[in-house]
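Below: the structure, in structure tokens.
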Amino acid sequence: MKRMKNVLTLLLAVVMCVAMGAAAFAAELAEGTKGGAKTLTITTPSGAQATDEFTYTVYKVFDATNDGTSSAIAYKIDSTNGDLTDAMKTAGFSVDTQGNVSFSGTGTELSTDAISAIAAYAKDSVGTVKITGAGQSKTVTVPDYGYYYITTTAGTAVAITSTNPNATVTDKNVVPTIDKKITGASSYDEDGKKALAQVGTEVTYTVDITVGKGQTNYVMKDTLGTGLAYVTGSLSVKAGDKNLTAATDYTLATEGQNINVTFPDATTKDLAQGSKITVTYRAKVTSDALQETPAKNSATISYGKDHSYTSTSSSAEVYNAKFTVTKYDGSDAQDAEDADHTIAVTEGETTKYYKPLKNAGFVIKNSAGKYYKLTPAAEAANGTAATTATVTWVDDIKAATEYKSAANGAVPAFTGLAGGTYTLVESTVPDGYNKAADQTFTVATTDDATYTAANLAQTASVANNAGTELPSTGGIGTTIFYILGTILVLGAGVVLVSRRRMREE
965 MKRMKNVLTL LLAVVMCVAM GAAAFAAELA EGTKGGAKTL TITTPSGAQA TDEFTYTVYK
1025 VFDATNDGTS SAIAYKIDST NGDLTDAMKT AGFSVDTQGN VSFSGTGTEL STDAISAIAA
1085 YAKDSVGTVK ITGAGQSKTV TVPDYGYYYI TTTAGTAVAI TSTNPNATVT DKNVVPTIDK
1145 KITGASSYDE DGKKALAQVG TEVTYTVDIT VGKGQTNYVM KDTLGTGLAY VTGSLSVKAG
1205 DKNLTAATDY TLATEGQNIN VTFPDATTKD LAQGSKITVT YRAKVTSDAL QETPAKNSAT
1265 ISYGKDHSYT STSSSAEVYN AKFTVTKYDG SDAQDAEDAD HTIAVTEGET TKYYKPLKNA
1325 GFVIKNSAGK YYKLTPAAEA ANGTAATTAT VTWVDDIKAA TEYKSAANGA VPAFTGLAGG
1385 TYTLVESTVP DGYNKAADQT FTVATTDDAT YTAANLAQTA SVANNAGTEL PSTGGIGTTI
1445 FYILGTILVL GAGVVLVSRR RMREE
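The sequence shown begins at 965 in the numbering used here and counts up one residue at a time.
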């Protein structure tokens, strides 16, 4: 007998588990025709991703009767849900001796307490509806006329409606949005989506999260592109004008290029729809090769159950500029290219070909008269962190970075530049040649051409001319002195002979 009781207890537990599983995993409702009797038409929230799938669970709160054509409807107690709870009665629902349900509340919107009471009272899930995409609709058929409570994985905002004879429901949850901007750099566009910054300097980002309705489990996910590094300790968060506290109002986690800021529901639950959470932080520019491929970073907001939904991303880009020089022998030109004359220089409508010139050294200086010095990035060694490339400006030209032309005339590029006006100075002149004139170039920052290759990757061809030979004596040299000496000696001899004869006479 005791064994039989144990078996029955086990069977009862299994039945209860199956029943609970059936409620939790209710079957999808069959599709219906919009406007038909006993149908629900549900529309997903706008602003979601095209791939987002929303699951709506439909619960019957009360039975109802309807003639199938009009909006006249009468409600009855649902046998599954049973008698009204005290919370339902407090919310304004009542039932007479015949089981007819009425509502004594005022207004067209149920209070928060009334919705909570209905959520706790409704046990009878009649099925689910799955819809993919933003602003998408689907019509399903419910088993009976009734008063229905509908939840969604999109958020906490629910729908409560009657099939009299049908109902149309638009998901009231509002998807949060995110907007990432650059708000601090040497120069950036008015939209804050592009910046021009010197390698080694810092860029400030501001991420505005616009709070939706009914959303939970907010996590800002920000990924810094290659060429940027998060500045430890620089992140701060505000909700409106209120400074939020780390580890209490939000949690920060950084790993590699990823920055994640998690907001507990206690932080967001009282924020009104449309209010803003603002995250600000700094990143260091670590690459000096951001002319054509900028350092791009993007941010999103994940939300909902299990963080299963993600907002549209918002991104910003950081560039820097470079200047490249080609060196040639300006005293040796010809009209056609050959093995020796490989550098083409166009002046007006004429193109001439020149020999490349090696061993010419160059530096650049900025508008403040200081000289460019690049400290290249170094690999990590012996457990130390890798360093990043950095440009600084020094007073002494001897301390500047000098680049020399190779045999093909190419000079390594001056990289990692911000906007501004610079001067190219020839600091080492090849033997036998005169110093080239200084050249000025400008990396623009204020017009539509700022982020073009022509502005960010400028080039110049610089000529050196052979030195002019100084005048020399040349001609007959010392011969004239020998002739004059001979004449003088002969003249002296004639004078001596003449004097001797005069004496003898």
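Beta carbons: idealized from backbone N, C-alpha and C, even for Gly. Please read all numbers here as calculations on a predicted model, not as lab measurements.
Judging by CA-CA distance, which residue of the options is the nearest neighbour of residue i?
i, options, result
"N1064", "V1093, N1284, T1029, G1396", "T1029"
"V1407", "L1420, D1395, A1400, G1396", "L1420"
"S1126", "L1004, T1276, A1377, T997", "L1004"
"S1200", "D1047, T1180, V1171, A1413", "V1171"
"G1099", "T1306, N1181, A1159, A1012", "A1012"
"Y1023", "E1073, S1068, A1083, I1006", "A1083"
"D1359", "S1066, G1333, K1269", "G1333"
"T1319", "A1353, D1302, R1246", "The sequence as given places Lys at residue 1319; Thr does not occur at that position. Selected option, being the one with the closest Cα: D1302."
"T1244", "H1271, K998, A1230, L1216", "L1216"
"G1156", "D1143, P1376, Y1039", "D1143"
"G1204", "G1189, D1229, A1280, D1234", "D1234"
Where does residue i sit, in a helix, a strand or coil, going by DSSP?
i, result
"I1037", "coil"
"T1116", "strand"
"D1050", "helix"
"K1185", "strand"
"L1420", "helix"
"A987", "The predicted model places A987 with a pLDDT of 41, which falls under 50 and marks its position as unreliable, so this point remains unresolved."
"A1081", "helix"
"K1362", "helix"
"V971", "Residue placement at V971 is flagged as unreliable, the pLDDT there being 34, under the threshold of 50; the coordinate-derived value follows with that caveat. Three-state DSSP puts V971 in a helix."
"D1304", "coil"
"D1229", "helix"
Leaving out five residues before and five after residue i in sequence, what residues of the same chain have Cβ atoms less than 6 Å from its Cβ?
i, result
"N1429", "G1294, S1295, N1398"
"T1070", "none"
"T1115", "T1021, V1122"
"A1308", "T1315, Y1317"
"V1393", "K1399"
"D1304", "K1319"
"T1288", "A1377, T1423"
What residues in its chain sit with their C-beta under 8 Å from that of residue i, if we drop five residues either side in the sequence?
i, result
"S1391", "G1325, F1326, V1327, I1361, A1364, E1366"
"T1054", "D1077, A1081"
"T1015", "T1096, G1097"
"V1389", "F1326, V1327, I1328, K1329, I1361, D1402"
"A991", "G1091, T1092"
"A1236", "V1175"
"Y1085", "V1025, N1045, L1048, T1049, A1051, M1052"
"K1177", "G1119, A1121, K1136, N1137, V1138, Q1237"
"P1131", "Looking at the sequence shown, residue 1131 is not Pro but Ala. If we look at A1131 and ignore the five residues flanking it on each side, its Cβ neighbours are T1003, L1004, T1005, Y1112, T1125."
Can you tell me whether residue i is buried or exposed? The criterion is at least 16 other CB atoms within 10 Å of its CB, across all chains shown.
i, result
"N1284", "buried"
"E995", "exposed"
"D1252", "buried"
"I1451", "exposed"
"D1371", "Reading off the sequence, residue 1371 comes out as Ala, not Asp. Under this definition A1371 is an exposed residue."
"Q1422", "buried"
"P1435", "exposed"
"Q1179", "buried"
"S1089", "buried"
"Q1471", "Nothing about residue 1471 can be read from this structure; the chain reaches only from 965 to 1469."
"T1416", "exposed"
"T1232", "buried"
"D1229", "exposed"
To the nearest angstrom, report how far apart residue i and residue j are at their CA atoms.
i, j, result
"T1057", "I1124", "Position check: residue 1057 holds Phe in this sequence, whereas Thr was assumed. Distance between the alpha carbons of F1057 and I1124: 14 Å."
"S1010", "Y1267", "15 Å"
"A1149", "M1184", "23 Å"
"A988", "D1213", "Confidence in A988 is poor, its pLDDT being 47 and thus under 50, which makes the residue's placement too unreliable to answer from."
"S1043", "V1133", "25 Å"
"K1322", "V1426", "12 Å"
"F1227", "K1145", "21 Å"
"Q1221", "G1191", "10 Å"
"T1218", "N1224", "6 Å"
"P1107", "T1274", "34 Å"
"K1087", "L1208", "39 Å"
"A1193", "A1121", "39 Å"
"T1339", "V1195", "19 Å"
"A986", "A1036", "Confidence at A986 is low in this model, with a pLDDT of 39, below 50, so the placement of that residue should be treated as unreliable; the coordinate-derived value is given next. Those two C-alpha atoms are separated by around 33 Å."
"Y1292", "T1242", "54 Å"
"T1033", "T1072", "23 Å"
"A1038", "I1079", "20 Å"
"Q1255", "K1286", "7 Å"
"T1385", "S1331", "6 Å"
Which same chain residues, not among the five before or five after residue i, have their C-beta less than 7 Å away from its C-beta?
i, result
"E1017", "K1094, T1096"
"A1161", "A1149, S1150, V1167, V1249, V1282, N1284, A1382"
"T1409", "S1151, L1160, G1383"
"A1210", "L1216"
Quick one: is residue i near chain B, going by C-beta distance under 7 Å?
i, result
"S1331", "No chain B is part of this structure, which consists of one protein chain only."
The ligand FMN heavy atoms versus the CB of residue i: any closer than 6 Å?
i, result
"T1351", "This structure lacks the ligand FMN, and indeed carries no ligand of any kind."
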